[in-house]
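These notes are about the structure you will find just below.
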Amino acid sequence: VAAMTMPSLVAKYQIKQYETALKEVYSILSNGFKQVMVDTGCPDLECTGIFISAGEGLINNSSDTEFQKNIDVVAKNVFKVVKSYKGDEITPRTIKYLKGDTTAEFGGNSGYEMYLPNGTIVAFQNFGCGEVPNNEGSLKNLCGFISVDLNGEKLPNTMGKDIFALGGLYNNGRIVPNTSLLWAQSKVGVGKGENYTDYWRNNSRLCGKPNVSLKNDTTPEIVGQDCFARVLENNFEIDYLK
Numbered sequence: 156v157a158a159m160t161m162p163s164l165v166a167k168y169q170i171k172q173y174e175t176a177l178k179e180v181y182s183i184l185s186n187g188f189k190q191v192m193v194d195t196g197c198p199d200l201e202c203t204g205i206f207i208s209a210g211e212g213l214i215n216n217s218s219d220t221e222f223q224k225n226i227d228v229v230a231k232n233v234f235k236v237v238k239s240y241k242g243d244e245i246t247p248r249t250i251k252y253l254k255g256d257t258t259a260e261f262g263g264n265s266g267y268e269m270y271l272p273n274g275t276i277v278a279f280q281n282f283g284c285g286e287v288p289n290n291e292g293s294l295k296n297l298c299g300f301i302s303v304d305l306n307g308e309k310l311p312n313t314m315g316k317d318i319f320a321l322g323g324l325y326n327n328g329r330i331v332p333n334t335s336l337l338w339a340q341s342k343v344g345v346g347k348g349e350n351y352t353d354y355w356r357n358n359s360r361l362c363g364k365p366n367v368s369l370k371n372d373t374t375p376e377i378v379g380q381d382c383f384a385r386v387l388e389n390n391f392e393i394d395y396l397k
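Written out as structure tokens, the structure reads:
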């Protein structure tokens with residue numbers, strides 16, 4: 156009996172590790188950027204100057220040296236990083252979809268990557284605090300985009316397990332996952348987000364069907380990159396792996 160239950164115990168322990176690490180990195184990054192605003196006396200992130208670009212055409216580009224220089228200061232002073240890489244120094248790694256045989260890259264289009272003391276890799280893209288498509292809600296300007304690899308370069312390197320797009324870092328200092336309800340509202344307006352095609356609940360390819368575990372989900376291919384929207388709605392519980 157013990158031999159039969161051991162794999163399920165290991166899987167349960169691993170899921171718990173992912174949940175704990177996800178909650179921790181979300182807290183570290185959220186609090187860190189709020190601290191930067193306090194330290195600089197700024198009401199928002201745009202005022203801090205971190206997301207200034209080296210040129211209009213360099214927004215969200217690995218050659219954006221100005222952004223890399225700015226975020227590097229924050230990484231070392233606020234997040235106490237172990238090591239970091241800029242632009243072309245970043246080596247893209249192959250990662251897998253949550254379900255299916257498709258692969259993708261982690262870090263391939265990031266301008267900056269930092270390694271936290273707890274082992275998590277954080278990849279940043281700069282969006283220059285540009286306006287969102289619909290700013291009638293609380294999200295007005297998108298400053299950056301954050302992806303994480305919770306256990307560094309260790310396996311399974313699978314989106315929705317150890318790899319997540321945490322989402323957009325907005326001007327008010329909030330990190331809001333893509334495919335979440337708040338994100339959907341920033342696309343189509345308050346009161347319309349629930350019906351938006353790419354709100355995760357309306358598109359099972361993003362992170363599976365609501366309230367259905369991965370092993371029972373009939374969706375042929377699930378990306379998993381934006382599963383943090385589902386995890387956050389479930390109070391940091393990765394329910395689809397259970």
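Using the working numbering, the letters of the sequence shown correspond one by one to residues 156 to 397. Positions of the beta carbon are idealized from the N, C-alpha and C atoms, including for glycine.
### Query
Excluding sequence positions up to five away, which residues of its chain have a Cβ less than 7 Å from the Cβ of ASN273?
Here the question's residue 273 lines up with position 118 in the sequence shown. Around ASN273: GLU179.
### Message
Do TYR325 and ASN296 count as a contact pair if the criterion is CB distance below 8 Å?
### Response
The residue you call residue 296 lines up with position 141 of the sequence shown. The residue you call residue 325 lines up with position 170 of the sequence shown. Going by C-beta atoms, ASN296 is nearer than 8 Å to TYR325.
### Query
Under 8 Å between the Cβ atoms of ILE205 and ILE183?
Within the sequence shown, numbered from 1, the residue matching residue 205 stands at position 50. Within the sequence shown, numbered from 1, the residue matching residue 183 stands at position 28. No, they are not a contact pair.
### Task
Look at the Cβ atom of GLN340, then the Cβ atom of GLY348, and state whether they are nearer than 8 Å.
In the sequence shown, residue 340 corresponds to position 185, counting from 1. In the sequence shown, residue 348 corresponds to position 193, counting from 1. Yes; because the gap between Cβ atoms is below 8 Å, this pair is in contact.
#### Entry: Bridge partner(s) assigned by DSSP for ILE226
Here residue 226 corresponds to residue number 71 of the sequence shown, with the count starting at 1. Partner residues in a beta bridge of ILE226, as assigned by DSSP, do not exist.
### Message
Could you compute how far the alpha carbon of TYR267 sits from the alpha carbon of LYS241?
### Response
Taking the first residue of the sequence shown as position 1, residue 267 is located at position 112. Taking the first residue of the sequence shown as position 1, residue 241 is located at position 86. Across the structure, TYR267 and LYS241 are spaced so that their CA atoms are roughly 5 Å apart.
### Query
Taking TYR270 as the reference, which of VAL233, ASN264, SER218 has the closest Cα?
Translated into positions along the sequence shown, residue 270 becomes position 115. Of the listed residues, the one whose Cα sits closest to TYR270 is VAL233.
### Task
Can you tell me the Cβ-Cβ gap for TYR252 and VAL378, rounded? I've got them flagged as a contact below 8 Å.
Residue 252 sits at position 97 when you count from the first residue of the sequence shown. Residue 378 sits at position 223 when you count from the first residue of the sequence shown. A Cβ-Cβ separation of about 5 Å places TYR252 in contact with VAL378 under the 8 Å criterion.
### Message
Let me make sure I understand the geometry here. Which of LEU164, ALA209, ASP304, ASP372 has the alpha-carbon closest to that of GLU260?
### Response
Against the sequence shown, residue 260 aligns to sequence position 105. Closest in alpha carbon position to GLU260, among LEU164, ALA209, ASP304, ASP372, is ASP304.
### Query
If THR313 and ILE245 are in contact, beta carbons under 8 Å, what's the gap, nearest whole angstrom?
Residue mapping note: residue 313 aligns to position 158 of the sequence shown, counting from 1. Residue mapping note: residue 245 aligns to position 90 of the sequence shown, counting from 1. Contact check for THR313 and ILE245: beta-carbon distance about 20 Å, past the 8 Å limit, so the pair fails to qualify.
### Message
Could you compute how far the alpha carbon of SER239 sits from the alpha carbon of ALA230?
### Response
Taking the sequence shown and counting its residues from 1, the one referred to as residue 239 is at position 84. Taking the sequence shown and counting its residues from 1, the one referred to as residue 230 is at position 75. Cα to Cα, the separation comes out at about 8 Å.
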